[in-house]
Amino acid sequence: MNINRKFERWGWLLLASIFLFYACQRKPRSYWKEGTIAVMADSTDWIGIQPELRAAFERVVRTPQKESYYSLRWVSQSEFDRYLNYRYLILAGTLQSTGRVGELVKGVVTDPQIRSWVEEGKYFYFIQKEQWAKDQFMLILVCPDLEELKDKIETNASILYEIIDMDFREKLLEDMFKKGEQTEIEKRLMAFYGWSIRVQHDYFLAQEVSEKGFLWFRRMYPERWIFVRWIDGGDMTMLNQEWVVSERNRIGGEYYSGDRVSDRYLYSSSTHFLGRPALFTAGLWENTGKVAGGPFRNHTFYDELSRRVYMIDVAVFNPGEDKTPYLIRLDVIANTFRTIFDPE
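Under our numbering, the first residue of the sequence shown is numbered 42, with each subsequent residue one higher.
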């Protein structure tokens, strides 16, 4: 995510003066209900932008039931004070907005240069951190009118999502390893295999088959797991859905008592994983013998320096309950992957 740092600094300076009263207070710790993003907007604006904002942030994930990790919660003016210390906020409005939120949004563009940029459509989002509370993250959306605001949100939906999601994942990573980390295992992986991932204190090594380039970590209650498969001499031709599904099915048959990839909701896209060319695959795993199943996420990528293809796969089994919170945590772990060639 390439966020405009210059503009972020502008936003910080402006908001620091606009909200001087609050900034001068001793800041309390922020609070939030995980997954819920609070939206501060005038009631009329909220009605107008609600479909676009929900489409941007409430992405449907099949697990197989429909889930969405983030949900939006509109904050009315009467609730405004209660949400000043909320962790994840979206403050949205236009140059025509009214009410308390409208006044705050307009305060962002008091500088003539910034107002000109907003009027010309050059910029419409600002980032403000820890305005009223510690660890608080506020995304501010401003446009000349409601129609343009709706259009900007729709056009930049992925960018807006990633701005908040990236901050959340950074905080989540720090929180996940507060209770402990198995650093000795991490060091051994690097020494023996030339790669490593961070391992939380309550994961255990379920399988280690070095001659086949396969390691499998598990954690219970609910059951979730992550495996790493590496292939010396692999190449870019393996980064296709057919090979990924075939290899995952082979691993499922050999180590997971017959798990297979379901044809339902299967999705792949070419991307990059930690700076490496990759194929991202998401879908459902199923085991007809055990009458079990759930979601999985798979990153298969080529590392040029080690001349290996790596497959990092995460999955959850939590029947009848939400699975996306665990998928996100597994994916955070997957993104701690590094090789001996990467800086610490």
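Backbone N, C-alpha and C define an ideal beta-carbon position, used for all residues, glycine too.
- [ ] In the DSSP assignment, find the unbroken beta strand (DSSP E) run with L132 in it and report its ends.
- [x] Start at 1 with the first residue of the sequence shown, and residue 132 comes out as number 91. Looking at the DSSP string, the run of the beta strand (DSSP E) that includes L132 is Y129 to T135.
Task: Other residues of its chain near F213: CB distance less than 6 angstroms, five sequence neighbours each side excluded - done: Translated into the one-based positions of the sequence shown, residue 213 becomes position 172. As written in the sequence, residue 213 is Leu, which differs from the Phe given in the question. Excluding positions up to five away in sequence, the list reads V373.
- [ ] Give a yes or no on whether the C-beta atoms belonging to P318 and Y343 are separated by under 8 angstroms.
- [x] Walking along the sequence shown from the start, residue 318 turns up at place 277. Walking along the sequence shown from the start, residue 343 turns up at place 302. Taking 8 angstroms as the Cβ cut-off, P318 and Y343 qualify as a contacting pair.
Open item on the list: On the CB-based measure, 16 or more other CB atoms within 10 Å of its CB, does M207 come out buried or exposed?
Closed with: Along the sequence shown, read from residue 1 onward, the residue named residue 207 stands at position 166. M207 should be labelled exposed.
TODO: Could you say which of I181, M279, A96 and V302 lies nearest to R349 if we only look at CA atoms?
DONE: By 1-based counting over the sequence shown, the position of residue 349 is 308. Ranked by Cα distance from R349, the first of I181, M279, A96 and V302 is M279.
Open item on the list: Helix, strand or coil for I204? Go by DSSP, reduced to three states.
Closed with: Sequence index remark: in the sequence shown, residue 204 carries index 163 (1-based). In this structure, I204 counts as helix in the three-state DSSP scheme.
TODO: Sort out for me which residues DSSP pairs R301 with in a bridge.
DONE: On the sequence shown, residue 301 is found 260 positions in, with the first residue counted as 1. DSSP output for R301 lists E327 as bridge partner(s).
Task: Buried or exposed (CB count within 10 angstroms, at least 16 for buried), V116 - done: Here residue 116 is taken as the residue at index 75 of the sequence shown, counted from 1. By the 10 Å Cβ count, V116 comes out buried.
- [ ] Verify whether the separation of the beta carbon atoms of I200 and I90 is less than 8 angstroms.
- [x] Residue 200 sits at position 159 when you count from the first residue of the sequence shown. Residue 90 sits at position 49 when you count from the first residue of the sequence shown. Not closer than 8 angstroms, so no.
Task: Contacts around S109, its chain only, beta-carbon distance under 7 angstroms, and the 5 residues preceding and following it disregarded - done: Reading the sequence shown from its first residue, position 68 is the one you call residue 109. Answer for S109: E99, R100, V101 and V102, listed in chain order.
TODO: Figure out for me which residue from W173, G162, Q137 and N197 has the closest Cα to the Cα of L187.
DONE: Along the sequence shown, read from residue 1 onward, the residue named residue 187 stands at position 146. L187 has its Cα closest to that of Q137, out of W173, G162, Q137 and N197.
Open item on the list: Out of I238, L320, W73 and P263, which one is the CA nearest neighbour of N126?
Closed with: Here residue 126 refers to the residue found at position 85 of the sequence shown. If we check each option's Cα against that of N126, W73 comes out closest.
Task: CB contact flag (L132, V146, <8 angstroms) - done: Numbered from 1 along the sequence shown, position 91 holds the residue referred to as residue 132. Numbered from 1 along the sequence shown, position 105 holds the residue referred to as residue 146. Going by C-beta atoms, L132 is nearer than 8 angstroms to V146.
TODO: Identify whether A319 lies in helix, strand or coil by the three-state DSSP scheme.
DONE: The residue given as residue 319 occupies position 278 in the sequence shown. Shown here, A319 sits in a strand according to DSSP, grouped into three states.
Open item on the list: For N359 and F121, I'd like the C-alpha separation in whole angstroms.
Closed with: On the sequence shown, residue 359 is found 318 positions in, with the first residue counted as 1. On the sequence shown, residue 121 is found 80 positions in, with the first residue counted as 1. Computed Cα separation, rounded: 36 angstroms.
Open item on the list: Could you tell me the alpha carbon to alpha carbon distance between R289 and P69, rounded to whole angstroms?
Closed with: As a working note, residue 289 is residue 248 in the sequence shown. As a working note, residue 69 is residue 28 in the sequence shown. The alpha-carbon atoms of R289 and P69 are separated by roughly 47 angstroms.
Task: Same chain only: Cβ atoms within 8 angstroms of Y367, ignoring 5 sequence neighbours per side - done: Sequence index remark: in the sequence shown, residue 367 carries index 326 (1-based). So the list reads P263, R265, V357 and N359, once near-sequence residues are dropped.
Task: Span separating the alpha-carbon of T139 from that of R114 - done: Taking the first residue of the sequence shown as position 1, residue 139 is located at position 98. Taking the first residue of the sequence shown as position 1, residue 114 is located at position 73. Distance between the alpha carbons of T139 and R114 is about 20 angstroms.
Open item on the list: I need the DSSP call for G335, collapsed to helix, strand or coil.
Closed with: In the sequence shown, residue 335 corresponds to position 294, counting from 1. It is a strand residue.
Open item on the list: Can you tell me where the alpha helix (DSSP H) holding Y72 begins and where it ends?
Closed with: Here residue 72 refers to the residue found at position 31 when the sequence shown is read from its first residue. Where Y72 is concerned, there is no enclosing alpha helix (DSSP H), given that its DSSP letter is neither H nor E.
- [ ] Spatial neighbours of E249 within its chain, please: CB distance less than 6 angstroms, with the 5 preceding and 5 following residues excluded, ordered by chain position.
- [x] Taking the sequence shown and counting its residues from 1, one reaches residue 249 at position 208. Correct list, in chain order: L256.
Open item on the list: Contact defined as beta carbons within less than 8 angstroms: I believe R128 pairs with Q177. What is the distance between those atoms, to the nearest angstrom?
Closed with: As a first step, residue 128 must be located in the sequence shown, where it is residue number 87. As a first step, residue 177 must be located in the sequence shown, where it is residue number 136. Under the criterion of beta carbons closer than 8 angstroms, R128 and Q177 qualify as touching, at roughly 6 angstroms.
Open item on the list: For R265, report the span of its beta strand (DSSP E) as first-last.
Closed with: For the purposes of this step, residue 265 is identified with residue 224 of the sequence shown, where counting begins at 1. Counting along the chain, the beta strand (DSSP E) containing R265 begins and ends at E264 to D273.
Open item on the list: Going by DSSP in three states, L307 sits in which element: helix, strand or coil?
Closed with: What you label residue 307 is simply residue 266 of the sequence shown in a count that begins at 1. If DSSP states are grouped into helix, strand and coil, L307 belongs with coil.
Task: Contact set for Y63: own chain, Cβ-Cβ below 8 angstroms, skip 5 residues either direction - done: Counting from one through the sequence shown, the residue named residue 63 turns up at place 22. A caution first: Y63 carries a pLDDT of 49, below 50, which makes its placement in the model unreliable, though a value can still be read off. Sequence-distant partners of Y63 (beyond 5 residues in either direction) whose C-beta falls short of 8 angstroms from its own C-beta, in its chain, are L125, Q172 and W173.
TODO: With Y401 as the anchor, note down where its alpha helix (DSSP H) starts and where it stops.
DONE: Given that the chain is displayed from residue 42 to residue 385, the structure contains no residue 401 and the question cannot be resolved.
Task: Separation of Y306 from Q241, as counted between CA atoms - done: Within the sequence shown, numbered from 1, the residue matching residue 241 stands at position 200. Within the sequence shown, numbered from 1, the residue matching residue 306 stands at position 265. Their Cα atoms are separated by approximately 30 angstroms.
- [ ] Could you check if F382 is buried or exposed, using at least 16 other CB atoms within 10 Å of its CB as the buried criterion?
- [x] Stepping through the sequence shown from its first residue, residue 382 is reached at position 341. With fewer than 16 other Cβ atoms within 10 Å, it is exposed.
Task: Reduced DSSP category for V373 - H, G, I as helix; E, B as strand; rest coil - done: Sequence index remark: in the sequence shown, residue 373 carries index 332 (1-based). In the structure shown, V373 adopts helical secondary structure according to DSSP, grouped into three states.
Task: From E222, Y351, G294 and G335, residue whose alpha carbon lies closest to that of G254 - done: Numbered from its first residue, the sequence shown carries residue 254 at position 213. Checking every option, the nearest Cα to that of G254 belongs to Y351.
Open item on the list: Please state the DSSP three-state secondary structure of V149.
Closed with: Walking along the sequence shown from the start, residue 149 turns up at place 108. Of the three classes helix, strand and coil, the one that applies to V149 here is coil, per DSSP.
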